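Asks:
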Amino acid sequence: MAQDIRDLLQRDAQKERADLSANHQDKFARLLDERLPQEKKPMFLWLKVAAIGILLLGIGYILMTNTSGEPQEQMAVEETLPADNQENQKASKGLSDFSPEFKKLEDYYTRSITMGIASLEVNPENQELIDGYMKRLSTLDKEYKRLNAELVNVGPNDLTVNALIDNLKLRLELLLKLKNKLRELKSANNENNNQV
Numbered sequence: 016m017a018q019d020i021r022d023l024l025q026r027d028a029q030k031e032r033a034d035l036s037a038n039h040q041d042k043f044a045r046l047l048d049e050r051l052p053q054e055k056k057p058m059f060l061w062l063k064v065a066a067i068g069i070l071l072l073g074i075g076y077i078l079m080t081n082t083s084g085e086p087q088e089q090m091a092v093e094e095t096l097p098a099d100n101q102e103n104q105k106a107s108k109g110l111s112d113f114s115p116e117f118k119k120l121e122d123y124y125t126r127s128i129t130m131g132i133a134s135l136e137v138n139p140e141n142q143e144l145i146d147g148y149m150k151r152l153s154t155l156d157k158e159y160k161r162l163n164a165e166l167v168n169v170g171p172n173d174l175t176v177n178a179l180i181d182n183l184k185l186r187l188e189l190l191l192k193l194k195n196k197l198r199e200l201k202s203a204n205n206e207n208n209n210q211v
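Written out as structure tokens, the structure is:
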């Protein structure tokens, strides 16, 4: 059964070939698309990523500008202060305008003094002592305003800056002395009540 391959090829060439239809390629492409759908590329993926980034930056900026770094309790304490003391605090921002370190220092002392005043328990027995402290504090506030005005007019110098810081320290020291006196007064009253 050995056949010559040449003879087989000649017979094959003589046979009729079945021609493919004219739209065979179109049918094949359609069937291919149906069975293997092409993955749609996310056209706007980079826009989505950019929008999320802008949104996060916007939220971060809003949070940074709206928060002043003070705890919520501080807001309540400022509301309990007398109106003239609040005005003094608003007017005494001269030192903080020159340096972030001075701002931190001034905020620390101001916050400590404000919270200390708010925590005082006023009653008829200690009213006179607290009134004396408030008068002294008022005098120191006026001096602080004068020093701030000098700082703004003349510019920052060591003497003025040190005087402003010393003023804040003195206010805090007076407050601590007042609290100690109030504790002594309270313990003396408790001892008197226990003896009676």
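Quick note on my numbering: the sequence shown kicks off at 16 and runs consecutively.
Beta carbons are placed, not taken as given, at the ideal position from N, Cα and C, and that holds for glycine.
These numbers come from a predicted model, not from an experiment.
Flag this pair as touching only if the stretch 120 to 138 and the stretch 172 to 192 have three or more C-beta atom pairs under 8 Å; answer yes or no.
Replies: Yes, the stretch 120 to 138 is in contact with the stretch 172 to 192.
Asks: According to the neighbour-count rule (16 or more other Cβ atoms, all chains shown, within 10 Å of its Cβ), is D22 buried or exposed?
Replies: Counting Cβ neighbours within 10 Å, D22 comes out exposed, since fewer than 16 surround it.
Asks: Counting pairs of Cβ atoms below 8 Å between the stretch 196 to 210 and the stretch 137 to 147, do you hit three or more?
Replies: Judged by Cβ distances under 8 Å, the stretch 196 to 210 makes contact with the stretch 137 to 147, as three or more pairs qualify.
Asks: Please work out which residues of its chain come closer than 8 Å, Cβ to Cβ, to L24, disregarding the five sequence neighbours upstream and downstream, and give them in chain order.
Replies: Correct list: empty, nothing qualifies.
Asks: For G147, report the span of its alpha helix (DSSP H) as first-last.
Replies: Q142 to V169 is the extent of the alpha helix (DSSP H) around G147.
Asks: Could you give the distance in angstroms between the alpha-carbon of N168 and the alpha-carbon of R161?
Replies: Rounded to the nearest angstrom, the two C-alpha atoms are 10 Å apart.
Asks: Look at the alpha carbon of K150 and the alpha carbon of K157, and state the distance between them as a whole number of angstroms.
Replies: Roughly 11 Å separates the two Cα atoms.
Asks: Roughly how many angstroms lie between the CA atoms of N163 and K184, to the nearest whole one?
Replies: Taking the straight line joining both Cα atoms gives about 15 Å.
Asks: In chain order, what residues of the same chain lie with their CB nearer than 8 Å to the CB of Q89, ignoring the 5 residues before and after it?
Replies: Residue placement at Q89 is flagged as unreliable, the pLDDT there being 39, under the threshold of 50; a coordinate-derived value is accordingly withheld.
Asks: Given a cut-off of 9 Å, decide if Y159 and L179 are closer than it, judged by their beta-carbon atoms.
Replies: Contact flag set, yes.
Asks: Helix, strand or coil: how does DSSP classify N138 here?
Replies: It is coil, neither helix nor strand.
Asks: Going straight from the alpha carbon of L71 to that of T80, what length do you get?
Replies: Whole-angstrom Cα-Cα distance: 14 Å.
Asks: By the DSSP assignment, the alpha helix (DSSP H) with N38 in it spans what residues?
Replies: Segment: none, N38 is in no alpha helix (DSSP H) and carries neither H nor E.
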